[in-house]
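A.B. asks: Residue numbers (the numbering used here): 2 to 221.
Even for Gly, the Cβ is constructed at its ideal location relative to N, Cα and C.
From a predicted model like this one, the values you see are computed outputs, not experimental measurements.
1. Should residue 6 go down as buried or exposed, given a rule of 16 or more other Cβ atoms within 10 Å for buried?
2. Compute the Euclidean distance between the alpha carbons of residue 41 and residue 75, then round it to the nearest angstrom.
3. Check the C-beta distance from residue 77 over to residue 52 and give it rounded, since I have them as a contact under 8 Å.
4. Where does the unbroken alpha helix (DSSP H) through residue 156 begin, and where does it stop?
5. Please classify residue 80 as buried or exposed, where buried requires at least 16 neighbouring CB atoms within 10 angstroms.
6. Please identify the residue among 180, 119 and 37 whose C-alpha is closest to the C-alpha of residue 156.
7. Since I believe residue 149 is in contact with residue 201 (beta carbons under 8 Å), could you give me their beta-carbon distance rounded to a whole number of angstroms?
8. Run the CB neighbour count on residue 137, radius 10 Å, all protein chains shown included, and call it buried at 16 or more, exposed below.
9. With distance defined between alpha-carbon atoms, name the residue in 220, 26 and 178 nearest to residue 45.
10. Checking 8 Å against the spacing of the C-beta atoms, do residue 170 and residue 216 come in under that value?
11. Inspect the CB distances between the segment 54 to 63 and the segment 28 to 36 and report whether three or more fall short of 8 Å.
12. Rounded to whole angstroms, what's the CA-CA distance from residue 220 to residue 82? Just pull it up for me.
13. Let's see if you can read the secondary structure: which residues bound the beta strand (DSSP E) around residue 210?
14. Comparing C-alpha positions only, which one of 84, 208 and 67 sits nearest to residue 39?
15. Whole angstroms are fine: how far does the CA of residue 99 sit from the CA of residue 21?
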């Protein structure tokens with residue numbers, strides 16, 4: 002899962018990025034509303050975690066502008082503004098959730114999973130595709146109800162393919178979502194992980210098409 006973190010406090014942002022990574026997510030951090038807007042259009046994020054006290058524009062204004070453009074990106078406001086009028090304003094401006102600082106990383110990760118799940122129209126946390134069952138919150142996968150041990154990267158690949166709902170994902174897109182755009186990896190790293198997934202789940206688990214990329218072998 003790829004998370005856009007909009008936070009001007011570098012210490013909080015770096016802690017968020019490390020904490021979300023520990024929960025199997027990739028965080029891209031920006032510090033201003035302008036850079037957030039650029040990032041939203043430059044990459045395909047699953048959710049945005051938004052601070053309200055940005056240096057160039059109030060976070061609520063950014064949120065309203067995002068919603069006015071009919072962008073459906075889930076947004077979690079993460080702020081120290083605890084007055085009830087701020088919470089109401091945040092939710093009325095289009096936030097999917099409102100979390101107060103200080104916060105627990107485990108709870109934030111659970112809230113991220115919840116808003117992403119709702120945005121994709123799923124009533125439950127688990128994803129089922131054919132004989133495959135995935136639990137994004139705990140990073141577990143079952144094949145024909147047998148628990149299969151996968152690495153975090155392997156699990157992330159399956160989640161992104163499942164969330165694509167039968168559409169092909171280009172190798173570059175899948176690579177950026179799993180590893181993050183700023184992380185340098187070998188050109189063969191993605192193929193190695195996909196090979197390992199097929200070895201554990203079967204060759205039919207992931208389909209490959211030259212010029213199109215990859216997709217989950219089983220339909221949701």
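C.D. replies: In terms of the structure at hand:
1. Taking the chain shown and counting its residues from 1, the one referred to as residue 6 is at position 5. Classification for residue 6: buried.
2. The residue given as residue 41 occupies position 40 in the chain shown. The residue given as residue 75 occupies position 74 in the chain shown. So the two alpha carbons sit approximately 11 Å from each other.
3. As a first step, residue 77 is located in the chain shown; it is residue number 76 there, counting from the start. As a first step, residue 52 is located in the chain shown; it is residue number 51 there, counting from the start. Rounded, the Cβ-Cβ distance is 10 Å, inconsistent with contact.
4. By one-based count along the chain shown, residue 156 stands at place 155. Residue 156 -> alpha helix (DSSP H) spans 153 to 164.
5. Here residue 80 refers to the residue found at position 79 of the chain shown. Residue 80 comes out buried.
6. Taking the chain shown and counting its residues from 1, the one referred to as residue 156 is at position 155. The candidate whose alpha carbon is nearest that of residue 156 is 180.
7. For the purposes of this step, residue 201 is identified with residue 200 of the chain shown, where counting begins at 1. For the purposes of this step, residue 149 is identified with residue 148 of the chain shown, where counting begins at 1. Their Cβ separation, rounded to whole angstroms, is 6 Å, which keeps residue 201 and residue 149 in contact under 8 Å.
8. Position 136 of the chain shown, counted from the start, is the residue given in the question as residue 137. When all chains shown are included, residue 137 counts as buried.
9. One-based indexing of the chain shown puts residue 45 at position 44. Ranking 220, 26 and 178 by Cα distance to residue 45 puts 178 first.
10. Within the chain shown, the letter at position 169 stands for residue 170. Within the chain shown, the letter at position 215 stands for residue 216. Taking 8 Å as the Cβ cut-off, residue 170 and residue 216 qualify as a contacting pair.
11. yes
12. By one-based count along the chain shown, residue 220 stands at place 219. By one-based count along the chain shown, residue 82 stands at place 81. Roughly 43 Å separates the two Cα atoms.
13. In the chain shown, the residue the question calls residue 210 occupies position 209. Element bounds for residue 210: 207 to 210.
14. Residue mapping note: residue 39 aligns to position 38 of the chain shown, counting from 1. It is 67 whose Cα lies nearest to the Cα of residue 39.
15. Locating residue 21 in the chain shown gives position 20, counting from the first residue. Locating residue 99 in the chain shown gives position 98, counting from the first residue. Going by the C-alpha atoms only, they are around 17 Å apart.
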